[in-house]
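Take a look at the structure below.
Numbering (the working numbering), first residue to last: 22 to 124.
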């Protein structure tokens, strides 16, 4: 980390935000949220898998996207948290400037 970046993350809390999705379609749904931040000069990462909600369209699932992110429906069903629980988890960590490559 260079001095400019170090000064930025030490003076203005920021975190990097990333989502994995069920597909690239407009009706896709989230399958994982990840955050990374710098704490005392070290990168700390956290993520949560998201269990598909029964109301989310099954047609929005893409096996090609699953190959990219490596998350199967069975993993999400077994290990994912309900979307409302993930939202609470994220709300506790949503402190500072969010940096993301998503539009």
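The beta carbon of each residue, even a glycine, is placed where N, CA and C say it ideally should be. Quick caveat: nothing in here was measured; it's all calculated off a predicted structure.
key: Presumed contact (8 Å Cβ cut-off) between residue 102 and residue 71, rounded CB distance   = 7 Å
key: For residue 78, three-class secondary structure by DSSP   = coil
task = Under 8 Å Cβ to Cβ from residue 118, same chain only, skipping five residues before and after it: list those, please.
result = 33, 34, 35, 36
message = Between 81, 115, 89, which has its C-alpha nearest residue 58's C-alpha?
response = 115
query = Exposed or buried, residue 73, counting other C-beta atoms within 10 Å across all chains shown (16 or more means buried)?
reply = buried
message = Using only CA atoms, which one of 52, 45, 27 lies nearest to residue 96?
response = 52
Residue 122 to residue 40 span [Cα, whole Å] = 10 Å
ask   = When you compare only the Cα positions, how much space is there between residue 106 and residue 75?
value = 15 Å
key: Residue nearest to residue 64 in terms of C-alpha spacing, selected from 110, 31, 104, 92   = 31
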